[in-house]
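When we follow the UniProt record's numbering, the leftmost residue of the sequence shown carries the number 1, and every step to the right adds one.
Positions of the beta carbon are idealized from the N, C-alpha and C atoms, including for glycine.
Some notes on the structure that comes next.
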Amino acid sequence: MPTNAIKESCLLATEQHVKQLLAADTTGHDWWHIHRVRKLTLTLAKEEQADLFICEMAALLHDTVDDKLVADEKIAQTELLDWLFEQQLEENVVRQIMQIIADMSFKGGSNADKVLTLEGKVVQDADRIDALGAIGIARTMVYSGSKGRPMHLPNAQPRLNMTLAEYRNGEDTAIMHFYEKLLTLKDTMNTLTGKKLAEQRHLFLETYLEQFYAEWAGER
Ligand code: ADP
Ligand code: NI
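Here it is in structure tokens:
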């Protein structure tokens with residue numbers, strides 16, 4: 001493991017590097033998402049007794065090879081690997097960080113059951129938790145707005161526990177994304193600490209939807 005001084009300077013350099021990479025981004029993967037995932041990752045990592053440095057580095061870098069952000073994921077991975085080796089990090093540390101980022105960027109399919117390391121589990125939970133709660137709702141509204149989608153188009157009877165199939169009304173809306181993704185996230189948590197945080201934020205989503213539907217109906 002690197003010394004504390006190397007860790008410090010490495011984290012600082014990584015922060016600068018990521019800010020630079022994301023500066024040109026127009027897909028909504030902004031620095032403040034990374035900032036929040038980093039903070040949440042540290043909270044989870046302490047509780048779960050995961051390696052703080054590996055977790056923090058992976059949290060900072062987790063979106064830098066995403067195909068939504070870069071033209072070619074393979075090239076981005078090679079560039080990231082080269083960059084990490086320039087930071088005076090040992091090979092096994094670089095490999096651990098790269099592994100987490102690569103595993104996290106798989107979006108299901110044959111890799112859905114990929115076994116993550118403890119550090120990978122922590123960072124993936126933190127990333128998913130940032131899609132929940134008050135922040136998650138705000139991100140959903142901002143994303144939908146950026147795509148020119150409506151906030152909501154009422155079904156006959158919107159209910160909290162509808163499945164996506166029951167909900168779907170043929171058009172993408174911000175509220176539909178709750179059924180498509182947000183309400184399913186709490187059951188995908190890897191760690192106990194992640195589960196607890198996700199459950200609190202999930203309850204907030206349900207409270208929000210209840211209020212939303214009541215306001216839509218002019219009831220409150
Ligand atoms: P990640 O940061 O994990 O890569 P995404 O790129 O999938 O997340 O999404 C970024 C944010 O935009 C998340 O908060 C997500 O819930 C939201 N979002 C993604 N797809 C949609 C959609 N179709 N409608 C509304 N919000 C979305
Ligand atoms: Ni992310």
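Alpha helix (DSSP H) segment containing residue i, residue limits
i, result
"Val65", "First-last for Val65: undefined, no H or E at that position."
"His17", "Asn4 to Ala23"
"His177", "Ala174 to Glu180"
"Val115", "Unbroken run through Val115: none, as it is neither H nor E."
"Gln211", "Leu192 to Trp216"
"Asp30", "Where Asp30 is concerned, there is no enclosing alpha helix (DSSP H), given that its DSSP letter is neither H nor E."
"Glu166", "Leu164 to Tyr167"
"Thr184", "Counting along the chain, Thr184 falls outside any alpha helix (DSSP H), and DSSP gives it neither H nor E."
"Asp51", "Taken as a continuous stretch (DSSP letters only), Asp51 belongs to no alpha helix (DSSP H), as it is neither H nor E."
"Lys74", "Glu73 to Phe85"
CA-to-CA distance, residue j to residue i, given in whole angstroms
i, j, result
"His17", "Thr191", "29 Å"
"Asp125", "Glu79", "26 Å"
"Thr184", "Ile97", "27 Å"
"Ile57", "Trp216", "According to the sequence displayed, residue 57 carries Met and not Ile. Going by the C-alpha atoms only, they are around 43 Å apart."
"Ala102", "Asn92", "15 Å"
"Ile75", "Ala50", "29 Å"
"Lys39", "His177", "25 Å"
"residue 265", "Asp66", "Because the chain in this structure spans residues 1 to 220, residue 265 falls outside the shown range and cannot be described."
"Glu119", "Gly136", "23 Å"
"Leu209", "Leu61", "33 Å"
Around the ligand NI, Cβ to any heavy atom closer than 7 Å, ordered along the chain
That gives His29, His33, Val37, His62, Asp63, Asp127 and Asp130.
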